[in-house]
Amino acid sequence: MPQTVQSLVEDWERLVPNTDTAALRTGQLLLVSGRALEKTLDDAATAAGFASRGDYEVLALMARREPECLSPVAVAELLGVSPSGMTGKLDRLERDQLLERVRDQVDRRSVKLAITAKGKELVSLGFQAAMGVYTALLSDSEAISQLADTLQEVYENLQLAGPRR
4 MPQTVQSLVE DWERLVPNTD TAALRTGQLL LVSGRALEKT LDDAATAAGF ASRGDYEVLA
64 LMARREPECL SPVAVAELLG VSPSGMTGKL DRLERDQLLE RVRDQVDRRS VKLAITAKGK
124 ELVSLGFQAA MGVYTALLSD SEAISQLADT LQEVYENLQL AGPRR
């Protein structure tokens, strides 16, 4: 267990004796593990040739949706980011010839995004890097499947709980 989680749990056990801290420990381990996984995926995307994992996510979305071309607003919405924050990223990806902006055939005022062959090649490298990270999480497929089922249950319980104030 990471020292930060161990210390936190021990502190609460000392401050509130006779409290079962298993749920606290589990929640904190989920948070710490999630942060570590994000950092590892960021590093893997960079090692695969992306400026950021966000760039990989944009291009991977476009590759999965192909042959459909998406608008910049649709890409932002699907990735859960603001459209204004997407502009610079799309400019960079276009400059690097990983995507191109094309005029909509129906509405010439509208722009759609298309992934290039170079972008597809890079997405393939990024996917392999991400899969390497994911497969290293646990040693066997049964453990991976059990964890996935448990995390699905955690996610569903969080959705049912809704926002708390």
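If you're matching positions, the sequence shown starts at 4 in the working numbering and goes up one per residue. Ideal placement from N, C-alpha and C gives every residue a C-beta, glycine not left out.
With a cut-off of 8 Å on the beta carbons, I'd call residue i and residue j a contact; round off their distance for me.
i	j	result
A120	E103	That pair is no contact at about 11 Å.
F130	A48	About 10 Å separates the two Cβ atoms, so there is no contact after all.
S85	S113	With 8 Å as the limit, S85 and S113 do not qualify as a contact, their Cβ atoms being about 19 Å apart.
L150	L141	6 Å
K115	V105	5 Å
V136	L44	6 Å
V12	T24	5 Å
Leaving out the 5 sequence neighbours to the left and right, which residues in its chain are closer than 8 Å to residue i when beta-carbon positions are compared?
i	result
G88	A79
T90	P75
A50	A132
Using three-state DSSP, classify residue i as helix, strand or coil.
i	result
A117	strand
E103	strand
L163	helix
L154	helix
L93	helix
Q9	helix
P86	helix
S142	coil
S127	helix
D14	helix
R112	coil
V136	helix
S74	coil
For residue i, which of the options has the nearest alpha-carbon?
i	options	result
A39	S148, P5 and L82	P5
F53	T43, L125, L11 and T29	L125
S127	A77, G91 and M65	M65
R98	D107, P70, D58 and G135	D58
R95	S55, V109 and A133	S55
K42	A133, R67 and Q155	A133
E69	A26, V19 and G122	G122
L32	T22, L154 and C72	L154
A26	A50, V157 and D152	V157
By Cβ distance, which residues of its chain are closer than 7 Å to residue i, with the 5 residues on each side in sequence left out?
i	result
E60	L82
What does a CB cutoff of less than 6 Å around residue i pick up in its chain, not counting 5 residues either side in sequence?
i	result
I147	L141
E16	T24
4-residue-minimum alpha helix (DSSP H) runs that sit fully inside the stretch 22 to 72, ordered along the chain: 25 to 50 and 56 to 68
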